[in-house]
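**Student:** First, the structure itself, so that you have it in front of you.
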Amino acid sequence: MSLRISNYYWLVVSFIYGKVFHEKMSTEAMGFFRNLSYVGLGTFIATIFSFIFNVLSGRFLGPAEYGEFSLVQSVAMFLYIPMLMGSHASMVKYNSEKKEFHRQQKIISTTYILVFAQLFATILLYRLFEPEILRIFSISSTLLNLSIIFAILFVFYTLSTETLRSLHDMKKISILQPVFTIILLVSFLYFLNLNLRSSRSAIYSMYIAYGITSLITLPFIWRFIKLRFEREWFIKLTEYSCYAIMGGISYTLYSNTDKILINRYMQYEDVGIYLAYNYSFMTIILVFIVVFKTVFFPYASMCSNKRLLLKKINKIVKYIILMGFPITIFLGLIILKLYGEEYTYDLKLVLLFSLAGICISIDQLYEQLMNSTGVYGIKIVSFAEILITVVNIVLNILLIPKIGVEGAIIATIISYLILILIILSKIKYIYDFEI
Numbered sequence: 011m012s013l014r015i016s017n018y019y020w021l022v023v024s025f026i027y028g029k030v031f032h033e034k035m036s037t038e039a040m041g042f043f044r045n046l047s048y049v050g051l052g053t054f055i056a057t058i059f060s061f062i063f064n065v066l067s068g069r070f071l072g073p074a075e076y077g078e079f080s081l082v083q084s085v086a087m088f089l090y091i092p093m094l095m096g097s098h099a100s101m102v103k104y105n106s107e108k109k110e111f112h113r114q115q116k117i118i119s120t121t122y123i124l125v126f127a128q129l130f131a132t133i134l135l136y137r138l139f140e141p142e143i144l145r146i147f148s149i150s151s152t153l154l155n156l157s158i159i160f161a162i163l164f165v166f167y168t169l170s171t172e173t174l175r176s177l178h179d180m181k182k183i184s185i186l187q188p189v190f191t192i193i194l195l196v197s198f199l200y201f202l203n204l205n206l207r208s209s210r211s212a213i214y215s216m217y218i219a220y221g222i223t224s225l226i227t228l229p230f231i232w233r234f235i236k237l238r239f240e241r242e243w244f245i246k247l248t249e250y251s252c253y254a255i256m257g258g259i260s261y262t263l264y265s266n267t268d269k270i271l272i273n274r275y276m277q278y279e280d281v282g283i284y285l286a287y288n289y290s291f292m293t294i295i296l297v298f299i300v301v302f303k304t305v306f307f308p309y310a311s312m313c314s315n316k317r318l319l320l321k322k323i324n325k326i327v328k329y330i331i332l333m334g335f336p337i338t339i340f341l342g343l344i345i346l347k348l349y350g351e352e353y354t355y356d357l358k359l360v361l362l363f364s365l366a367g368i369c370i371s372i373d374q375l376y377e378q379l380m381n382s383t384g385v386y387g388i389k390i391v392s393f394a395e396i397l398i399t400v401v402n403i404v405l406n407i408l409l410i411p412k413i414g415v416e417g418a419i420i421a422t423i424i425s426y427l428i429l430i431l432i433i434l435s436k437i438k439y440i441y442d443f444e445i
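Counting along the sequence shown from 1, when you hit position 206 you're at 216 in my numbering, and nothing is skipped either side.
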C-alpha cells in the first residue's frame, strides 16, 4: 500500500515538474524533491501544532501578554547574534559541499568551539553593559534576563539542527520539526492548566522546546564533535561568517525593529495585534519557503550549474506572485478569526501583510541562490541587507508614530522591494559563475 502511494506521489511530482520546467526530472532533481518531501511533511505536521500554540497564546493571553511574549522573542533575536556570529551559516556552506567524514568532523568541531567561546564572552558583556541594553530596548531587567536565556537556548537549537542540515540529514530534521512544536504545545497547555496565563507560559514553553530538541539531536551529531580546533578551517569559516553575520544582523534588525519601535511608541497590545496579523497572513507562504530553502541551500552549494538553478527560481517566482496573494489572504482571514474578537479585522493590514509575505518569499529564494555561490555572492547579499536595514529603521521611525502598525508593515514592504531589486541587478554574476 505504501509503495503504491509512493509511486502515485512521484507520478504527480514528475508531472508537475514537467509542466513547470518543461523537462524530464533528472536523478539530481529526484534527490532534491525527496529531501524536500521529508522536510515538507515534517514542517506540515509542525505547522499544525505551531498554529494551535500561536492561536491559543493569542486567545488566552490577550494582546498585551501576547505582545510581551513577542517582545522577548524580538529582543532575544538581537542578543543571540554575537553568540552565534553567523558560524552556523558557514558550517552549512562548507560542510554540505563534500560528504567526507574527517572533513566534516573538522568543520563541525571548529565551529562548536568557536560558538561556545563567543557565547561565554557575550554573556559577560551583557552583564557589564546591562543598563545601556535596558535603555536601548526600553524593557525591564526581568524581560532582559528572559531574553538572554531565550537567546542562549535558541543558539543551542540552531547550532544542533543546522549541523544536521549541513550533513544533508533531512529525514531527522523532518522528524525534529514536529517534535519541537509538540513539546512546545504540550508545555504551554501544562502551564495553562496551572493557571499561568501570562507571557511566561509561552516563554517557558519555548525554553523547554528548544532545550529538549537540542538534546535529542546530540546522539546523531556527537561523533562529529571533538575537542579539535583547526586553524585552517577557522580562517575559512570566519571569512564566510563575517559576511553571513552582516546579513544576520540586517535581517534581525529589519524583522524585529518594528516590534521594538511599536513597543516604544505604542503599547504591548499593539505589538500583540501586529504579531497576530504577521502570523495569520505571512506564516503560510513563509512555511513553504522555509521548507524549500532548508533543502535548497545545501543542494545549491553542491551544484555546479547555478545558471539552471536561476532559471528554475525565476519560474517558481511567477507562481508565487500569481497564486500566493489570493491563497494568503483567504487562509489568513481564517487564522485571524481564530485569534478572537480582541484582534479586530482591518482590510489595510490584511492586504499589507499578505503583500509583505510575497515580497519576503521572493527575496529569500534569490538570496539563497546568491549565498550558495560563495563569498562573493554572500557579499552582495550582505551589503544589500545593510543598506535596506538602514532604510527600514528610518521608515519605521518616520511611519510608526504617524500611522501606527500600518507604518511598520509598509516599511517592511518597501525595504524588501529594494532588496529584491538590488539582488536582481547583481544576479547576472550567477551566469558567469562556475565552481
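Virtual Cβ for every residue (Gly too), placed ideally from N, Cα, C. The structure presented is a predicted model; accordingly, all values stated were derived computationally and were not measured.
1. On the premise that Pro-73 lies in contact with Gly-282, defined as a C-beta separation below 8 Å, what is that separation, rounded to the nearest angstrom?
2. From which residue to which residue does the alpha helix (DSSP H) around Phe-363 run?
3. With 16 as the cutoff for other CB atoms within 10 Å, does Met-333 come out buried or exposed?
4. I believe Thr-173 touches Ile-183 by the beta-carbon criterion, under 8 Å. Please report the beta-carbon distance rounded to the nearest angstrom.
5. Once DSSP output is grouped into helix, strand and coil, what is the label at Gln-277?
6. Does the beta-carbon of Ile-193 have 16 or more other beta-carbons within 10 angstroms, so that it is buried, or is it exposed?
7. Distance, Cα to Cα, Glu-249 vs Ile-344?
8. Taking C-beta to C-beta, are Glu-395 and Ser-260 nearer than 9 Å?
9. Please go through the same chain and pick out, in chain order, the residues whose beta-carbon is closer than 7 Å to the beta-carbon of Asn-288, but skip the five residues on each side of it.
10. Between the alpha carbons of Leu-195 and Lys-436, how many angstroms are there, rounded?
11. Measuring alpha carbon to alpha carbon, tell me which of Ile-428, Leu-51 and Ala-418 ends up nearest Ile-185.
12. Where does Phe-239 sit, in a helix, a strand or coil, going by DSSP?
13. Please name the residue, chosen from Glu-140, Gly-387 and Ile-424, that lies closest to Ile-6 on a Cα-to-Cα basis.
14. Expressed to the nearest angstrom, what Euclidean distance is found between the alpha-carbon atoms of Met-292 and Leu-271?
15. Taking the alpha-carbon positions, what's the Leu-429 to Thr-383 distance?
16. Going by beta-carbon coordinates alone, are Met-87 and Ser-265 separated by less than 9 Å?
17. Compare the beta carbon distance of Thr-191 and Phe-63 with 9 Å and say whether it is the shorter of the two.
18. Rounding to the nearest angstrom, what Cα-Cα distance links Ile-58 and Gln-187 in this structure?
19. Does Tyr-329 pass the burial test, meaning 16 or more other C-beta atoms within 10 Å, or should it be called exposed?
20. Taking 6 Å as the limit between beta carbons, can you name the residues of its chain near Leu-375, skipping five residues before and five after?
21. Relative to the alpha-carbon of Leu-135, which residue among Glu-351, Ser-209 and Tyr-90 has its alpha-carbon at the smallest distance?
22. Taking the beta carbon of Ile-445 as the centre, do at least 16 other beta carbons fall within 10 Å, making it buried, or is it exposed?
23. I'd like the list of long-range same chain contacts for Pro-411, defined as Cβ closer than 7 Å, with 5 residues on each side in sequence excluded.
24. Measuring only the C-alpha atoms, how far is Ser-379 from Leu-319?
25. Is Thr-267 helix, strand or coil by DSSP?
26. Helix, strand or coil, according to DSSP, for Glu-351 in the structure here?
27. Tell me which same chain residues have a C-beta within less than 6 Å of the C-beta of Asn-105, skipping the five on either side of it?
28. Would you kindly check if the distance between the Cβ of Ile-372 and the Cβ of Asn-402 is under 9 Å?
29. In angstroms, rounded to a whole number, what distance separates the CA positions of Leu-321 and Glu-377?
30. Could you work out which residue in Ser-208, Ile-159, Ile-339 and Thr-227 is closest to Asp-179 when comparing CA atoms only?
31. What did DSSP end up calling Glu-110 once you bin it into helix, strand or coil?
32. Give me the Cβ distance between Ser-209 and Val-327, rounded to the nearest whole Å; I'm assuming they're in contact under 8 Å.
33. Can you look up Ile-217 in the DSSP assignment and give me helix, strand or coil?
34. Determine the DSSP secondary structure at Lys-436, reduced to helix, strand or coil.
35. Considering Cα atoms alone, identify which of Leu-225, Cys-369 and Tyr-214 is closest to Thr-168.
36. Taking the alpha-carbon of Gly-221 as reference, which of Glu-242, Gly-414, Ala-254 and Phe-164 has the nearest alpha-carbon?
**Tutor:** Inspection of the coordinates gives the following:
1. Here residue 282 refers to the residue found at position 272 when the sequence shown is read from its first residue. Here residue 73 refers to the residue found at position 63 when the sequence shown is read from its first residue. That pair is a contact at about 3 Å.
2. The residue labelled residue 363 in the question sits at position 353 within the sequence shown. Unbroken alpha helix (DSSP H) run through Phe-363: 357 to 381.
3. Position 323 of the sequence shown, counted from the start, is the residue given in the question as residue 333. Label assigned to Met-333: exposed.
4. Residue numbering aside, residue 173 sits at position 163 when the sequence shown is read from its first letter. Residue numbering aside, residue 183 sits at position 173 when the sequence shown is read from its first letter. That pair is no contact at about 10 Å.
5. The residue labelled residue 277 in the question sits at position 267 within the sequence shown. Three-state result, Gln-277: coil.
6. Counting from 1 along the sequence shown, the entry for residue 193 is found at position 183. Buried, by the Cβ-count rule.
7. As a working note, residue 249 is residue 239 in the sequence shown. As a working note, residue 344 is residue 334 in the sequence shown. Each residue's alpha carbon lies about 45 Å from the other.
8. The residue you call residue 395 lines up with position 385 of the sequence shown. The residue you call residue 260 lines up with position 250 of the sequence shown. Contact: yes.
9. In the sequence shown, the residue the question calls residue 288 occupies position 278. Cβ within range, chain order: Phe-363.
10. Here residue 195 corresponds to residue number 185 of the sequence shown, with the count starting at 1. Here residue 436 corresponds to residue number 426 of the sequence shown, with the count starting at 1. The alpha-carbon atoms of Leu-195 and Lys-436 are separated by roughly 43 Å.
11. The residue labelled residue 185 in the question sits at position 175 within the sequence shown. Nearest of Ile-428, Leu-51 and Ala-418 to Ile-185, Cα basis: Leu-51.
12. Translated into positions along the sequence shown, residue 239 becomes position 229. Of the three classes helix, strand and coil, the one that applies to Phe-239 here is coil, per DSSP.
13. Nothing in the structure corresponds to residue 6, since the chain is present only between 11 and 445.
14. As a position in the sequence shown, residue 292 is number 282, starting the count at 1. As a position in the sequence shown, residue 271 is number 261, starting the count at 1. The straight-line gap from Cα to Cα measures roughly 20 Å.
15. Here residue 429 is taken as the residue at index 419 of the sequence shown, counted from 1. Here residue 383 is taken as the residue at index 373 of the sequence shown, counted from 1. Approximately 18 Å, taken between the alpha carbons.
16. By 1-based counting over the sequence shown, the position of residue 87 is 77. By 1-based counting over the sequence shown, the position of residue 265 is 255. Going by C-beta atoms, Met-87 is nearer than 9 Å to Ser-265.
17. In the sequence shown, the residue the question calls residue 191 occupies position 181. In the sequence shown, the residue the question calls residue 63 occupies position 53. Cβ distance < 9 Å, so Thr-191 and Phe-63 count as in contact.
18. Locating residue 58 in the sequence shown gives position 48, counting from the first residue. Locating residue 187 in the sequence shown gives position 177, counting from the first residue. If you take the alpha carbons of Ile-58 and Gln-187, they lie about 11 Å apart.
19. Against the sequence shown, residue 329 aligns to sequence position 319. Result: exposed.
20. Here the question's residue 375 lines up with position 365 in the sequence shown. Answer for Leu-375: Ile-323, listed in chain order.
21. The residue you call residue 135 lines up with position 125 of the sequence shown. Here the closest residue by C-alpha is Tyr-90.
22. Here residue 445 is taken as the residue at index 435 of the sequence shown, counted from 1. Residue placement at Ile-445 is poorly supported in this model, since its pLDDT is 38, which falls under 50; the coordinates still yield a value, given next. Its Cβ having fewer than 16 others within 10 Å, Ile-445 is exposed.
23. Within the sequence shown, the letter at position 401 stands for residue 411. Result list for Pro-411: Tyr-275, in chain order.
24. Within the sequence shown, numbered from 1, the residue matching residue 379 stands at position 369. Within the sequence shown, numbered from 1, the residue matching residue 319 stands at position 309. What sits at residue 379 in the sequence shown is Leu, not Ser. Cα-Cα distance, rounded: 8 Å.
25. Indexing the sequence shown from 1 puts residue 267 at position 257. Correct three-state label for Thr-267: helix.
26. The residue labelled residue 351 in the question sits at position 341 within the sequence shown. Coil.
27. As a working mapping, residue 105 is identified with position 95 in the sequence shown. Gln-114, Ile-117 and Ser-176.
28. Walking along the sequence shown from the start, residue 402 turns up at place 392. Walking along the sequence shown from the start, residue 372 turns up at place 362. No, Cβ-Cβ distance for Asn-402 and Ile-372 is not below 9 Å.
29. As a first step, residue 321 is located in the sequence shown; it is residue number 311 there, counting from the start. As a first step, residue 377 is located in the sequence shown; it is residue number 367 there, counting from the start. Residue identity differs from the one stated: residue 321 is Lys in this sequence, not Leu. Their Cα atoms are separated by approximately 14 Å.
30. Numbered from its first residue, the sequence shown carries residue 179 at position 169. Comparing Cα positions, the closest option is Thr-227.
31. Against the sequence shown, residue 110 aligns to sequence position 100. If DSSP states are grouped into helix, strand and coil, Glu-110 belongs with coil.
32. Here residue 209 refers to the residue found at position 199 when the sequence shown is read from its first residue. Here residue 327 refers to the residue found at position 317 when the sequence shown is read from its first residue. About 38 Å; that fails the 8 Å criterion.
33. Against the sequence shown, residue 217 aligns to sequence position 207. The question names Ile, yet the displayed sequence has Tyr at residue 217. Helix.
34. One-based indexing of the sequence shown puts residue 436 at position 426. Helix at Lys-436.
35. In the sequence shown, counting from the first residue as 1, residue 168 sits at position 158. That would be Leu-225, whose Cα lies nearest to the Cα of Thr-168.
36. Locating residue 221 in the sequence shown gives position 211, counting from the first residue. Cα-wise, what sits closest to Gly-221 is Phe-164.
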